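First the structure, in the form of structure tokens, and then the observations on it.
4 protein chains.
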Amino acid sequence: MLGKIALEECWTIPEGLKNNDPGKYVAAGTSDRLTNELLDIHGTRLQQMDENGVDFMVLSFVSPGCQGITDPVQAEALATLANNKLEEEVMKNPKRFAAFAAVSMHDPAQAAEELRRCMTKMKGFVGVLLNDFQSAGTDGNEMIFFDQPKYDPFWKAANDLEAPVYLHPRVSTPLIREQMWKGRPWLDFSALGYADRLNMHILGIITNGILDRFPKVKLIFGHMGEHIPYDIYRIDHKLDRARFPNMPMRKDKLVRDYFGDQVFITTSGHFSTPALICAMGEVGSQSIMFSIDYPFESIPNGCVWWDEYVSINHHDLVNIGRNNALKVLPRLTQEPHNLSSMTPAECQVGGLKTDSVTYGMYNEDWNRRLVKH
Amino acid sequence: MLGKIALEECWTIPEGLKNNDPGKYVAAGTSDRLTNELLDIHGTRLQQMDENGVDFMVLSFVSPGCQGITDPVQAEALATLANNKLEEEVMKNPKRFAAFAAVSMHDPAQAAEELRRCMTKMKGFVGVLLNDFQSAGTDGNEMIFFDQPKYDPFWKAANDLEAPVYLHPRVSTPLIREQMWKGRPWLDFSALGYADRLNMHILGIITNGILDRFPKVKLIFGHMGEHIPYDIYRIDHKLDRARFPNMPMRKDKLVRDYFGDQVFITTSGHFSTPALICAMGEVGSQSIMFSIDYPFESIPNGCVWWDEYVSINHHDLVNIGRNNALKVLPRLTQEPHNLSSMTPAECQVGGLKTDSVTYGMYNEDWNRRLVKH
Amino acid sequence: MLGKIALEECWTIPEGLKNNDPGKYVAAGTSDRLTNELLDIHGTRLQQMDENGVDFMVLSFVSPGCQGITDPVQAEALATLANNKLEEEVMKNPKRFAAFAAVSMHDPAQAAEELRRCMTKMKGFVGVLLNDFQSAGTDGNEMIFFDQPKYDPFWKAANDLEAPVYLHPRVSTPLIREQMWKGRPWLDFSALGYADRLNMHILGIITNGILDRFPKVKLIFGHMGEHIPYDIYRIDHKLDRARFPNMPMRKDKLVRDYFGDQVFITTSGHFSTPALICAMGEVGSQSIMFSIDYPFESIPNGCVWWDEYVSINHHDLVNIGRNNALKVLPRLTQEPHNLSSMTPAECQVGGLKTDSVTYGMYNEDWNRRLVKH
Amino acid sequence: MLGKIALEECWTIPEGLKNNDPGKYVAAGTSDRLTNELLDIHGTRLQQMDENGVDFMVLSFVSPGCQGITDPVQAEALATLANNKLEEEVMKNPKRFAAFAAVSMHDPAQAAEELRRCMTKMKGFVGVLLNDFQSAGTDGNEMIFFDQPKYDPFWKAANDLEAPVYLHPRVSTPLIREQMWKGRPWLDFSALGYADRLNMHILGIITNGILDRFPKVKLIFGHMGEHIPYDIYRIDHKLDRARFPNMPMRKDKLVRDYFGDQVFITTSGHFSTPALICAMGEVGSQSIMFSIDYPFESIPNGCVWWDEYVSINHHDLVNIGRNNALKVLPRLTQEPHNLSSMTPAECQVGGLKTDSVTYGMYNEDWNRRLVKH
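Chains as they are written, first to last, in UniProt numbering: chain V, 1 to 373; chain L, 1 to 373; chain S, 1 to 373; chain R, 1 to 373.
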């Protein structure tokens with residue numbers, strides 16, 4: 001499919017590597033490659049986008065980003081630096097790239113201010129990305145969650161600026177790691193722990209009524225919804241309002257009801273067709289957007305899945321692969337990005353190629369096995 | 001779900017019963033009931049619509065209608081009569097009813113003229129419904145299909161008038177019945193024969209290039225697509241263009257590609273969730289619209305299925321149940337019908353009732369079995 | 001997946017080509033290839049089986065076979081010839097091949113006798129395959145269906161011999177072709193007409209009570225069920241027993257109830273994952289068996305679909321791909337075939353290859369697009 | 001469906017209420033009811049089983065049970081008491097009830113011994129149930145997980161006794177609650193926290209190689225798999241063996257591969273058809289068993305969902321609803337329970353009732369809306 005838009009695509013700067021080098025966590029021998037892919041935008045990344053039908057990427061500062069920095073001053077400075085640098089890079093090729101703002105979340109007012117700066121003084125930003133909780137405290141064990149009333153100034157800014165908020169997972173604190181993941185550290189990362197923690201934060205934001213108080217806020221999260229779509233019946237069923245009368249969320253709504261209007265998921269890093277179909281059933285195709293999670297996933301891997309393996313109809317394929325993002329992130333349709341929606345035919349989804357008069361029996365192109373190359 | 005729109009809903013007039021009394025074909029003891037339900041619009045029908053959340057019905061003259069009349073003059077006169085009568089009835093309550101025009105298809109030019117009359121001189125019509133092939137000949141064994149070039153004048157009128165064409169099944173001819181269905185007559189009707197014949201006609205229309213020559217023509221057919229969505233891979237796969245170089249359909253398109261733009265299906269009379277989900281997968285929710293097939297199906301049966309048993313997300317439920325019809329049949333949004341799209345909340349889909357503070361454990365309303373009453 | 005068993009795999013003999021050369025119907029330039037592939041067993045066919053993980057094929061005489069021969073004497077002689085020849089070929093390599101018997105169906109007693117001969121005097125046969133109706137009459141327009149009481153002797157033999165009956169589609173008669181398919185001849189074959197006719201015959205057999213009178217009879221049919229699984233709700237719903245009190249099928253059963261016990265389908269020629277998943281939902285994985293439809297489908301095409309594209313769990317994949325066939329066709333587990341069931345691991349489904357210590361991120365094998373070779 | 005077997009069904013004794021009264025956590029006004037339902041076996045529970053087609057329940061001591069008791073001596077004494085009492089109750093009606101053993105997990109050898117006692121000296125036990133981690137320490141903040149090598153004696157006993165191990169969720173520790181769930185306490189229980197913690201423990205057991213070292217151990221967990229089936233692609237994809245060379249699980253297997261052989265899930269408390277269908281796709285129907293989670297779910301609620309709303313084929317319905325349990329828990333087929341597998345017809349799944357000659361159009365029974373009563 002041509003014209004794909006990808007939303008959870010990471011990037012970093014040399015100054016970011018000092019605090020946070022994801023290359024430390026990968027398989028032996030692949031660290032340099034990962035680091036280089038994170039630093040790159042206009043080279044290999046763009047080339048692979050071209051080769052794989054990715055029209056556009058929204059870039060974000062690699063997790064945990066500013067959320068991993070316990071010192072507020074340092075975190076805020078890094079956010080400013082990252083945003084300035086990202087603006088500069090995006091504006092080199094705004095037809096292909098946009099950015100989610102990075103913010104320190106130590107101080108909600110300051111976060112709101114930095115988000116306002118990105119959304120009003122700069123041109124390349126289409127929303128903001130938060131890496132789960134904000135680390136704080138001298139030992140890094142304090143976790144600040146953004147679902148508490150104190151954070152309303154941040155959500156108000158996101159609401160007023162109509163800046164969608166991407167919620168991205170992150171590594172745990174030393175204390176949690178010691179308490180819960182020792183003895184099974186391989187589970188603490190993207191295989192399980194990322195989702196097990198982030199889904200609590202996401203549902204905390206929803207059930208604490210933030211989407212009700214700020215009805216223009218949109219939440220986006222990846223990895224096919226951090227387990228939530230599969231459990232949406234049980235989540236709503238068990239948030240018994242008689243048992244939890246003080247839960248702030250609107251009494252006349254279910255968590256399910258926010259999907260497609262204020263809550264959206266992406267396919268990043270979870271290239272499973274049964275999971276996609278489950279999500280389409282429970283939260284609907286209009287709640288889902290394609291993403292890759294580069295460079296923690298390969299661009300060809302994610303795109304081959306989408307282009308060749310996902311057995312859904314053309315309309316949903318193109319809407320999830322591209323058009324939904326234009327509705328959720330309307331800045332993408334404006335200067336300097338100017339993206340517009342595409343039909344299945346424009347995306348080369350469906351149809352018979354004009355140089356092929358056959359389809360089916362004795363089609364030479366089908367009479368072979370597939371191989372990777 | 002409130003606000004449902006139903007599209008394959010039958011009706012007749014006493015003059016129609018002379019040629020065609022569907023009551024003959026039903027179970028002993030139910031004939032009068034069926035006849036009465038066919039003749040009624042504003043009584044039991046409307047009451048059941050109110051009781052079951054059906055906001056709107058598009059009425060059509062019961063099958064085979066004019067397609068069952070071999071004499072052209074009689075067929076044309078009956079079409080005129082039925083359309084005049086239907087206009088009169090619809091205009092008694094245009095907020096709840098509209099109509100598909102009936103036409104004799106003996107003469108494509110005359111059919112075009114009658115369609116033009118309905119769509120331009122009268123107010124209640126939103127499209128046209130054809131009951132498969134036109135019977136002709138003294139023995140009623142001649143079958144006239146509308147996928148041949150001779151019928152381009154009709155399709156041109158449908159195109160120019162932007163009148164969607166509903167393709168509805170009908171009974172077979174005496175010869176076909178004798179040749180194929182004797183020994184298994186129970187299969188000749190809605191259980192199988194209806195779809196086995198109509199899907200040929202539908203695919204004849206598509207593969208003979210009518211949708212290409214008349215790009216504003218939209219086809220609608222019921223019963224979850226008359227088997228086609230399930231077999232759409234095989235249909236396209238086996239319409240090998242090298243084998244059939246003279247097939248007129250565009251060489252660069254698959255049959256699949258027309259769904260959602262020019263081809264649509266309804267749920268009439270096939271209240272199966274697995275079939276619905278299959279159709280959503282293969283042709284997409286934007287290609288599907290709710291319908292009942294009253295009075296050959298009961299309104300409560302179809303509506304209970306839709307309201308209580310279909311486990312799909314709220315957006316698709318409301319789009320299929322209502323909103324898609326407004327896009328496919330734009331006349332519904334205009335005078336005198338003035339329908340508009342509704343949100344899940346407006347349709348009372350999702351949400352918690354304001355008088356209920358609970359959901360889930362120890363919810364009294366769930367702690368019981370369901371019964372029919 | 002290793003170990004696949006395929007059940008709808010065609011073959012012919014030079015004597016068969018005289019009456020029936022399928023090469024006439026294919027795309028220009030491919031006729032010789034098709035003819036050669038039909039005649040071959042131990043050459044290209046076996047090589048492609050080896051290359052694509054097909055452990056075993058049950059061969060059958062290419063459609064319409066004896067059902068296409070209007071003269072009873074000729075039809076019976078051709079059946080005998082074909083069966084003798086097929087026995088000879090199968091016994092050259094019974095670890096890889098078995099056969100469905102061909103029978104003339106002009107005379108049910110003679111058909112029973114020939115089936116008995118194949119199942120008791122010869123070693124390679126595991127059931128019988130019928131190509132829809134038997135052509136008869138001087139003009140070839142007479143269609144004999146096997147769902148009438150006259151055919152009980154045949155069904156009794158199939159029951160007593162425990163010989164499953166594969167029901168395969170065939171071309172129409174000249175009269176039907178003229179009446180219904182002229183003007184759209186490309187639809188008369190595998191794209192649509194095959195299924196539209198065969199599903200009538202299949203449901204005729206079931207609803208006429210043959211499975212009730214002969215409870216050891218098993219029916220198998222291909223192409224993902226000739227439209228039936230998708231419409232099984234509507235079929236049962238519309239076979240209203242009050243309306244059709246003379247329908248012989250057991251009054252306490254639905255058509256649906258026979259699936260998995262006496263009725264089975266295969267995937268031949270319909271390599272659609274949504275259709276497969278729909279069938280799994282409606283009739284259950286235990287009712288489904290893998291097949292290809294060689295040489296009307298390519299072996300690599302069918303196998304690549306199964307091995308690479310079908311996103312179902314390993315147990316169902318292996319059961320549908322292999323193990324179910326051993327239950328439905330128990331002769332396969334006996335001399336001289338001696339097939340036995342296999343686990344997913346034995347079929348190399350799932351698992352990580354022992355020479356690969358990685359899966360996922362930075363797995364080189366995934367970091368590329370797929371191509372056909 | 002008659003004949004259902006339910007596996008995650010809770011019970012307690014007055015001595016258990018002292019430490020752990022689940023009534024404390026429920027909606028105001030429902031506490032007494034919950035407590036009474038937990039204490040009851042042969043009264044309301046059995047009556048509701050009869051009314052709802054539940055043939056059999058495997059009872060277990062209510063969570064957190066012995067896992068919630070930090071003092072080893074007390075925990076062990078409570079396990080003995082609960083098991084003795086449960087044996088006594090089960091043996092009053094072993095045709096309808098069996099039990100999972102409760103064990104203290106402070107000392108793996110003692111746990112093994114108590115399990116051995118239950119499985120060899122008593123008659124009513126068919127396996128063992130663990131409530132996630134064992135609480136320990138004076139402040140109750142120590143969490144003992146059973147996936148570490150120290151616990152091999154317990155797993156060896158489960159293996160040698162062929163006692164399946166049901167892994168059930170539990171409440172968190174004071175420290176975790178304070179650190180993570182304050183500000184969103186409603187999420188800490190069955191809506192989210194239960195699964196977010198237990199899935200870590202389950203995957204810890206699998207990835208630490210316990211199923212490899214003890215190949216007769218079977219794990220069962222409820223709530224449609226505690227999020228795992230939906231994420232199974234991502235879990236396997238991200239457990240990159242090159243990155244985690246020390247992960248003990250077999251290098252040639254994926255987590256996915258254990259499902260259906262050593263890993264099983266139940267439907268307890270997650271009555272969502274899309275989630276069920278997703279699980280059937282990813283891990284297969286042979287990996288899934290029906291359960292309710294009484295009295296935290298209502299018996300009618302769970303059974304109405306299963307009997308009326310789950311739109312899957314009859315074979316899978318009956319296998320998941322009953323027959324799979326007999327394979328996973330073979331003790332159920334032995335004295336004193338003597339359960340045997342049932343066909344769909346025996347479970348009254350499918351079919352037409354003998355006193356009903358109709359199905360479909362003008363079936364009075366369908367021509368009404370459903371209501372709860």
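Idealized CB from N, CA, C, for every residue including glycine. Remember, it's a predicted structure, so these values are computed and weren't measured experimentally.
Exercise for review: Starting from the beta carbon of R/Val318, find every residue of chain L whose beta carbon is closer than 7 angstroms, and list them in chain order.
Suggested key: Those do not exist, as R/Val318 stays about 17 angstroms from chain L at its closest Cβ, beyond 7 angstroms.
Review point. Buried or exposed: where does S/Asp139 fall if 16 or more other Cβ atoms within 10 Å of its Cβ makes it buried?
Key: By the 10 Å Cβ count, S/Asp139 comes out exposed.
Check your understanding: What do you reckon, is the C-beta of S/Val310 under 7 angstroms from a heavy atom of the ligand ZN?
Key -> Because no ligand of any kind appears in the structure shown, any question about the ligand ZN cannot be addressed here.
Review point. Is the CB-CB distance between S/Asp147 and L/Arg184 below 8 angstroms?
Key: With contacts defined by Cβ atoms closer than 8 angstroms, S/Asp147 and L/Arg184 form a contacting pair.
Review point. Which two residues bound the contiguous beta strand (DSSP E) that contains V/Lys4?
Key: Taken as a continuous stretch (DSSP letters only), the beta strand (DSSP E) holding V/Lys4 covers 4-11.
Check your understanding: Would you report the Cα separation of R/Met105 and R/Gln134, rounded to the nearest angstrom?
Key -> In a straight line, the C-alpha of R/Met105 is about 6 angstroms away from that of R/Gln134.
Practice item. Identify every residue that forms a DSSP beta bridge with V/Met119. Key: Note: V/Met119 is not bridge-paired with any residue in the DSSP secondary-structure output.
Practice item. Note down the Cα distance separating V/Asn93 from L/Arg331, rounded to an integer number of angstroms. Key: The C-alpha of L/Arg331 is placed about 44 angstroms away from the C-alpha of V/Asn93.
Practice item. Identify which residue in R/Asn36, R/Val73, R/Asp307 has its Cα closest to the Cα of R/Asp107. Key: R/Asp107 has its Cα closest to that of R/Val73, out of R/Asn36, R/Val73, R/Asp307.
Practice item. Determine the direct distance from the alpha carbon of V/Glu51 to that of L/Met307, and round the result to whole angstroms. Key: It is worth fixing the name first, because residue 307 of chain L is Asp in this sequence and not Met. L/Asp307 and V/Glu51 have their C-alpha atoms some 46 angstroms from each other.
**Study point:** Per DSSP, the bridge partner or partners of R/Ala158
**Key:** In the DSSP output, where bridge partners are listed per residue, R/Ala158 has none listed.
Exercise for review: May I ask you to list, following chain order, the residues of the stretch 51-63 of chain L that have a beta carbon less than 9 angstroms from some beta carbon of chain R?
Suggested key: Listed by position, the residues of the stretch 51-63 of chain L near chain R (Cβ gap below 9 angstroms) are Glu51, Asn52.
Practice item. Note down, in chain order, every chain V residue with its Cβ under 7 angstroms from the Cβ of S/Thr273. Key: Under the 7 angstroms cutoff, chain V gives Ser311.
Practice item. In angstroms with no decimal places, state the Cα-to-Cα distance between R/Glu9 and R/Arg322. Key: Approximately 15 angstroms between the Cα atoms of the pair.
Exercise for review: Under 9 angstroms between beta-carbons, which chain L residues line up against R/Pro149? List them in chain order, please.
Suggested key: What R/Pro149 touches in chain L: nothing, since even the nearest Cβ is about 39 angstroms away.
Check your understanding: S/Val26 versus chain L: which residues are under 9 angstroms apart at the beta carbon?
Key -> When 9 angstroms is used as the limit between beta carbons, S/Val26 is near these residues of chain L: Asp240, Ala242, Arg243, in chain order.
Check your understanding: Does the count of Cβ pairs from the stretch 257-269 of chain R and the stretch 213-220 of chain R closer than 8 angstroms reach three?
Key -> Yes, since at least three Cβ pairs between the stretch 257-269 of chain R and the stretch 213-220 of chain R fall closer than 8 angstroms, the two stretches touch.
Check your understanding: Would V/His42 be called buried (16 or more neighbouring beta carbons within 10 Å of its own) or exposed?
Key -> With fewer than 16 other CB atoms across the displayed protein chains lying within 10 angstroms of its CB, V/His42 is exposed.
**Study point:** S/Gly68 - DSSP class collapsed to helix/strand/coil
**Key:** In this structure, S/Gly68 counts as helix in the three-state DSSP scheme.
**Study point:** DSSP beta-bridge partners of V/Gln286
**Key:** DSSP lists no partner for V/Gln286.
**Study point:** Within-8 angstroms CB hit, R/Pro94 to chain S
**Key:** Between R/Pro94 and chain S, the shortest Cβ-Cβ separation is not below 8 angstroms.
Review point. First and last residue of the alpha helix (DSSP H) that includes R/Asn199?
Key: Taken as a continuous stretch (DSSP letters only), the alpha helix (DSSP H) holding R/Asn199 covers 193-207.
Review point. Where are the alpha helix (DSSP H) runs, 4 residues long or more, that stay fully inside the stretch 132-179 of chain V, in chain order?
Key: Taken in chain order, the complete alpha helix (DSSP H) segments of 4 or more residues contained in the stretch 132-179 of chain V are 152-160.
Exercise for review: List the residues of chain V whose Cβ lies closer than 9 angstroms to the Cβ of L/Pro164, in chain order.
Suggested key: At a C-beta separation below 9 angstroms, L/Pro164 has no neighbours in chain V, since its nearest C-beta there lies roughly 18 angstroms away.
Exercise for review: Identify which residue in S/Gly225, S/Lys327, S/Thr273 has its Cα closest to the Cα of S/Tyr309.
Suggested key: For the residues S/Gly225, S/Lys327, S/Thr273, the minimum Cα distance to S/Tyr309 belongs to S/Thr273.
Review point. Per DSSP, L/Ser60 is paired with what?
Key: Under DSSP, L/Ser60 takes part in a beta bridge, and its partners are L/Cys10.
Point to revise | L/Ser340, buried or exposed, once every other Cβ within 10 Å from all chains shown has been counted against 16 | key: Burial is judged here by how many other beta carbons sit within 10 angstroms of a residue's own beta carbon; L/Ser340 has fewer than 16 and is exposed.
**Study point:** Beta-bridge pairing of V/Phe97 - partner residues as DSSP gives them
**Key:** Its beta-bridge partners are V/Met57.
Review point. What number of angstroms, rounded off, separates the C-alpha of V/Gln286 from the C-alpha of R/Pro149?
Key: So the two alpha carbons sit approximately 47 angstroms from each other.
**Study point:** Interface residues of the stretch 244-269 of chain V facing chain L [CB-CB below 8 angstroms]
**Key:** Answer set for the stretch 244-269 of chain V: Pro245, Lys251, Asp252, Lys253, Leu254, Arg256, Asp257, Phe259, Gly260.
Practice item. Anything in chain S within Cβ reach of L/Gly183, meaning under 8 angstroms, just list it in chain order. Key: By Cβ distance, chain S contributes Phe145, Asp147, Gln148, Gly204, Asn208.
Review point. Residues of chain S with CB under 7 angstroms from L/Leu192, in chain order?
Key: One finds Asn199, Met200, Leu203, Ile235 in chain S with Cβ atoms closer than 7 angstroms to the Cβ of L/Leu192, taken in chain order.
Review point. Which two residues bound the contiguous alpha helix (DSSP H) that contains L/Val304?
Key: For L/Val304, the enclosing alpha helix (DSSP H) covers residues 299-304.
Review point. Is the CB-CB distance between L/Thr207 and L/Leu254 below 8 angstroms?
Key: Result no, Cβ atoms of L/Thr207 and L/Leu254 do not sit closer than 8 angstroms.
Check your understanding: Does the separation of the CB atoms of L/Glu178 and L/Leu198 fall below 8 angstroms?
Key -> Result no, Cβ atoms of L/Glu178 and L/Leu198 do not sit closer than 8 angstroms.
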